[in-house]
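J.: Protein chains in written order, with the UniProt record's numbering: chain A, 1 to 413; chain B, 1 to 413.
1) Find the residues of chain B that neighbour residue 48/A, judging by a C-beta separation of less than 7 Å, and give them in chain order.
2) When you compare the stretch 389–400 of chain B with the stretch 202–214 of chain B, are there three or more beta-carbon pairs, one atom per stretch, that lie closer than 8 Å?
3) Roughly how many whole angstroms lie between the Cα atoms of residue 276/A and residue 298/A?
4) Please tell me whether residue 341/A and residue 334/A are closer than 9 Å, where the distance is taken between their beta carbons.
5) Can you give me, in chain order, the residues of the stretch 320–350 of chain B that have a beta carbon less than 8 Å from any beta carbon in chain A?
6) Answer with buried or exposed for residue 123/A, where buried requires no fewer than 16 other C-beta atoms within 10 angstroms of its C-beta.
7) Can you name the start and end residues of the beta strand (DSSP E) that residue 275/A belongs to?
8) Return the residue from the list 383/A, 379/A, 374/A, 80/A that minimises the CA-CA distance to residue 368/A.
9) Grab the span of the alpha helix (DSSP H) containing residue 166/B for me, first residue to last.
10) Is the stretch 260–272 of chain A in contact with the stretch 253–268 of chain B, if contact means three or more CB pairs nearer than 8 Å?
11) Note down, in chain order, all residues in the stretch 161–191 of chain B with a beta-carbon under 7 Å from any beta-carbon belonging to chain A.
12) Around the Cβ of residue 163/A, are there at least 16 other Cβ atoms within 10 angstroms (buried) or fewer (exposed)?
13) Would you tell me roughly how many angstroms separate the C-alpha atoms of residue 329/B and residue 315/B, rounded to the nearest one?
14) I'd like the list of long-range same chain contacts for residue 413/B, defined as Cβ closer than 8 Å, with 5 residues on each side in sequence excluded.
15) Since residue 5/B and residue 18/B should fall inside the 8 Å C-beta cutoff, what is the C-beta to C-beta distance between them, to a whole number of angstroms?
16) Using the C-alpha atoms, what's the distance from residue 300/A back to residue 344/A?
17) Using the C-alpha atoms, what's the distance from residue 226/B back to residue 127/B?
18) Could you check what DSSP says for residue 372/A in three-state terms: helix, strand or coil?
19) Here's the rule I'm using: 16 or more other beta-carbon atoms within 10 Å means buried, otherwise exposed. How should residue 97/B be labelled?
20) At a CB-CB cut-off below 8 Å, which residues of chain B make contact with residue 51/A?
21) Please report the distance separating the alpha-carbon of residue 201/B from that of residue 199/A.
22) For residue 295/B, which residues in the same chain have their Cβ closer than 8 Å to its Cβ, ignoring the five residues on either side in sequence?
23) Residue ranges of each beta strand (DSSP E) run of no fewer than 3 residues wholly in the stretch 241–324 of chain A, ordered along the chain?
24) Counting only Cβ pairs nearer than 7 Å, list the residues of chain B close to residue 108/A.
25) Could I get the ranges of all uninterrupted beta strand (DSSP E) runs contained in the stretch 9–91 of chain A, with 3 residues as the minimum, in chain order?
26) If we count the other Cβ atoms within 10 Å of its Cβ and call it buried at 16 or more, is residue 142/B buried or exposed?
27) DSSP three-state label for residue 120/B, please.
28) With a CB to CB cut of under 8 Å and the five nearest residues on each side skipped, what residues in its chain are close to residue 379/A?
29) Taking the alpha helix (DSSP H) that residue 195/B belongs to, which residues open and close that run?
30) Hey, could you find the ends of the alpha helix (DSSP H) residue 131/A is sitting in?
31) Could you check whether the stretch 68–76 of chain A touches the stretch 113–122 of chain A, counting it as contact only if at least three pairs of C-beta atoms, one from each stretch, sit closer than 8 Å?
32) Does the separation of the CB atoms of residue 28/A and residue 160/A fall below 9 Å?
33) Which residue's Cα is closest to the Cα of residue 38/A: 91/A, 1/A, 376/A?
34) Who are the neighbours of residue 300/B on chain A, taking C-beta pairs under 8 Å?
35) At 9 Å on the CB atoms, spell out the chain B contacts of residue 395/A, in chain order.
36) Is residue 138/A close to chain B? Criterion is C-beta to C-beta, closer than 9 Å.
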């Protein structure tokens with residue numbers, strides 16, 4: 001199966017957004033063993049979209065569309081495809097119901113144009129939209145397949161993962177399975193990780209090992225083609241073992257997990273509760289911990305202590321610490337971690353203080369970060385980081401380092 | 001002049017990188033008044049690249065290529081174009097010299113394949129590469145223009161800005177500019193907003209008005225083509241005024257701003273400081289406020305009060321409030337807002353309490369949210385929301401609603 005991804009939206013052609021949907025879908029199609037030969041972006045213009053469809057049909061047998069499924073007059077992807085393929089648009093009752101329910105729930109007024117989103121190509125398989133209103137579609141005609149996905153990545157990605165992937169998998173003629181496992185690493189750069197395991201990557205052909213850099217972390221995807229799931233898993237286990245012998249200390253989890261999820265699980269396993277005192281991260285660590293359903297079982301709360309006054313008055317950092325060591329210091333991090341655990345009454349306190357940027361602070365360069373970890377019954381520890389990113393990246397990596405350090409500590413218990 | 005941007009590189013089709021070059025060049029071409037009708041991405045494959053060139057020539061008269069100018073065997077953009085146009089590749093002495101100098105400076109050995117980068121299409125105008133080795137090219141043949149740019153954005157962007165832009169400008173017969181302005185709205189859905197201004201959208205042809213849904217917010221893009229920047233701005237002002245008469249209450253800012261940025265600015269204008277008490281949002285509001293450089297001038301800190309104990313013990317919510325009203329209540333939101341302002345010692349306290357999901361709480365359905373706002377010298381207010389999203393969306397929209405409500409309050413001061 002050869003694929004072309006067609007993104008529809010004038011905002012792409014005006015450069016207002018990048019075509020990240022094409023990137024996401026390409027990755028997923030690669031996992032399915034489907035070759036992607038072209039990406040196309042076209043505006044909200046039916047004549048040019050039709051032209052793009054005709055060109056794509058001349059060279060690919062799977063056409064994946066993103067965008068143009070919304071309620072407004074600009075949104076015309078399915079209308080254009082319907083016209084081109086000679087198909088009718090019909091109301092999908094389930095989608096219509098779910099759109100109506102959305103407006104009932106949010107007590108907002110439903111306008112007539114919202115109904116348009118429940119129109120689908122006749123004879124298509126519906127891909128439910130669990131994060132928005134417009135359903136996706138999958139259609140087979142002649143020797144070709146057409147998949148229609150919404151434009152917003154927050155709707156498109158979960159829809160593709162939950163329904164699009166399977167719909168394609170069922171159509172693949174080969175009975176060879178593609179089994180893949182993602183290993184997630186933190187605290188090691190992509191190029192260093194690749195250097196450490198380069199010989200493994202080069203000598204492997206089945207399974208293959210592919211590194212991929214993410215947001216401040218690195219993942220390795222091990223992919224095995226085999227007609228037996230069991231045998232594929234065994235081959236992947238072997239590859240994983242060889243990788244862990246080299247870089248196991250940086251591994252933290254599999255597939256779609258996150259550091260915050262792994263940390264929550266580990267806290268739950270030990271029956272421990274945690275609180276946080278955040279200066280430079282400004283609530284980011286707590287935000288990530290509480291984004292997990294059921295967070296309240298392990299996370300109680302914390303303090304964002306952005307100013308020196310809050311550090312002193314709410315978290316009782318000693319006046320002499322601020323005068324002598326400054327707030328960007330090991331001593332300050334230790335007091336913050338110990339005192340927030342006392343204030344919030346938790347087993348563990350974690351603290352973040354440092355310089356996010358763009359300006360230096362107390363003579364410390366941007367990227368200087370201290371993370372304090374206080375675990376009941378153990379001496380409080382502090383890790384110092386020197387990060388090289390901009391403000392946002394420094395904040396985000398600090399929060400992740402905190403999760404990683406604590407996770408590794410708890411795994412030793 | 002109608003343009004198509006052709007990105008060459010298998011890494012795009014494998015989803016390893018996003019096509020940010022197309023986005024960058026599109027923005028620049030829009031400024032020049034050049035319409036971009038298509039983006040194409042194609043792999044490092046001469047046959048398919050030739051196919052893409054032929055398709056592009058059938059519908060555009062400016063073809064901008066990125067990628068495939070490097071030293072390796074995979075890099076074949078100029079070779080393919082040369083073959084297609086019947087042009088020779090010749091050594092550009094300046095480029096060759098600059099490549100040799102690079103290796104002298106970096107004390108590395110120059111391999112033979114590096115010379116290949118100094119080969120250029122005969123008769124083309126050279127676009128110097130001030131940040132790398134491969135020069136760009138600009139070529140006119142018949143009624144068409146061909147621009148070849150390197151793939152790495154760090155080389156491509158400065159080359160386009162310094163040399164590509166001017167080369168195109170000289171060829172433009174019209175001096176028409178495309179001026180656009182983005183208006184950002186919150187608290188109104190995309191379809192309702194469109195319904196309110198549908199007649200304006202439909203009757204306008206210059207400027208045009210186009211809605212775009214973002215993450216929990218809606219934007220309108222007003223775009224005007226005109227040979228005078230001043231007149232374009234005046235026409236945009238007029239359209240904006242008509243829009244504001246209908247939906248001005250939901251407007252919060254222009255272009256690339258965010259609610260948090262506008263709120264920070266407004267707080268700064270009034271010389272007011274703020275703190276936050278966050279239950280369901282778990283630090284998200286504070287995270288967004290502190291992500292802005294210089295946040296400390298208006299934001300002092302706050303408390304994440306995820307459990308009832310933290311609400312009572314740290315933020316002094318009354319026991320009878322929790323017993324009688326529950327934590328998902330107006331009374332709890334009011335006490336949290338007032339008490340966090342006292343604890344952190346700020347002019348304003350804002351609070352978030354409610355049910356993010358997936359489970360209901362105290363008999364309240366998922367999406368029930370109370371936002372308390374305490375402004376020094378004014379009676380504390382509370383807004384109730386009923387949101388219809390999943391956990392993450394409910395948290396994110398709650399934080400944004402808080403920013404929006406407070407921004408609107410401050411604008412009245």
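A virtual CB, placed ideally from N, CA and C, is assigned to each residue, including glycine.
T.: In brief:
1) Your numbering for residue 48/A matches position 48 in the first chain. Going along chain B in sequence order, the residues near residue 48/A (Cβ under 7 Å) are 37.
2) No contact exists between the stretch 389–400 of chain B and the stretch 202–214 of chain B.
3) Mapped onto the first chain, residue 276/A falls at position 276. Mapped onto the first chain, residue 298/A falls at position 298. Their Cα atoms are separated by approximately 12 Å.
4) Translated into positions along the first chain, residue 341/A becomes position 341. Translated into positions along the first chain, residue 334/A becomes position 334. No, the Cβ-Cβ distance between residue 341/A and residue 334/A is not below 9 Å.
5) 343, 344, 345
6) Indexing the first chain from 1 puts residue 123/A at position 123. So residue 123/A counts as exposed.
7) Position 275 of the first chain holds residue 275/A. Where residue 275/A is concerned, the enclosing beta strand (DSSP E) stretches over 274–278.
8) Within the first chain, the letter at position 368 stands for residue 368/A. The shortest Cα separation from residue 368/A among 383/A, 379/A, 374/A, 80/A belongs to 383/A.
9) Looking up residue 166/B in the second chain gives position 166. It spans 165–171 - the alpha helix (DSSP H) in which residue 166/B sits, taken as one unbroken run.
10) Too few Cβ pairs lie closer than 8 Å, so no.
11) For the stretch 161–191 of chain B, the residues whose beta carbon sits under 7 Å from a beta carbon of chain A are, in order, 189, 190, 191.
12) Walking along the first chain from the start, residue 163/A turns up at place 163. So residue 163/A ends up on the buried side.
13) Locating residue 329/B in the second chain gives position 329, counting from the first residue. Locating residue 315/B in the second chain gives position 315, counting from the first residue. One C-alpha to the other measures close to 15 Å.
14) Position 413 of the second chain holds residue 413/B. Shown here for residue 413/B: same chain residues with a beta carbon closer than 8 Å to its own, the five before and five after excluded, namely 270 in chain order.
15) Here residue 5/B is taken as the residue at index 5 of the second chain, counted from 1. Here residue 18/B is taken as the residue at index 18 of the second chain, counted from 1. Their Cβ separation, rounded to whole angstroms, is 14 Å, which puts residue 5/B and residue 18/B out of contact at 8 Å.
16) For this step, residue 344/A is matched to residue 344 along the first chain. For this step, residue 300/A is matched to residue 300 along the first chain. Rounded to the nearest angstrom, the two C-alpha atoms are 7 Å apart.
17) Counting from one through the second chain, the residue named residue 127/B turns up at place 127. Counting from one through the second chain, the residue named residue 226/B turns up at place 226. Approximately 29 Å between the Cα atoms of the pair.
18) Your numbering for residue 372/A matches position 372 in the first chain. It is a strand residue.
19) What you label residue 97/B is simply residue 97 of the second chain in a count that begins at 1. So residue 97/B ends up on the exposed side.
20) As a working note, residue 51/A is residue 51 in the first chain. Correct list: 59.
21) The residue you call residue 201/B lines up with position 201 of the second chain. The residue you call residue 199/A lines up with position 199 of the first chain. If I take the Cα positions, the gap works out to 59 Å.
22) Here residue 295/B corresponds to residue number 295 of the second chain, with the count starting at 1. Contacts found: 264, 289.
23) 251–254, 274–278, 299–305
24) Here residue 108/A refers to the residue found at position 108 of the first chain. Neighbours of residue 108/A on chain B, chain order: 189.
25) 35–42, 62–66, 89–91
26) Residue mapping note: residue 142/B aligns to position 142 of the second chain, counting from 1. By the neighbour-count rule (16 or more Cβ atoms within 10 Å), residue 142/B is not buried but exposed.
27) Indexing the second chain from 1 puts residue 120/B at position 120. Three-state result, residue 120/B: strand.
28) Taking the first residue of the first chain as position 1, residue 379/A is located at position 379. Same-chain partners within the cutoff: there are none.
29) One-based indexing of the second chain puts residue 195/B at position 195. It spans 190–203 - the alpha helix (DSSP H) in which residue 195/B sits, taken as one unbroken run.
30) Counted from its first residue, the first chain places residue 131/A at position 131. Element bounds for residue 131/A: n/a, residue is neither H nor E.
31) Touching, per the Cβ criterion.
32) Residue 28/A sits at position 28 when you count from the first residue of the first chain. Residue 160/A sits at position 160 when you count from the first residue of the first chain. Yes. Within cutoff.
33) As a working note, residue 38/A is residue 38 in the first chain. Of the listed residues, the one whose Cα sits closest to residue 38/A is 1/A.
34) Here residue 300/B refers to the residue found at position 300 of the second chain. Within 8 Å of the CB of residue 300/B, the CB atoms of chain A belong to 306, 307, 309, 310, in sequence order along the chain.
35) Position 395 of the first chain holds residue 395/A. Those are 287, 290, 291, listed as they occur along chain B.
36) Walking along the first chain from the start, residue 138/A turns up at place 138. Chain B contact via Cβ: absent.
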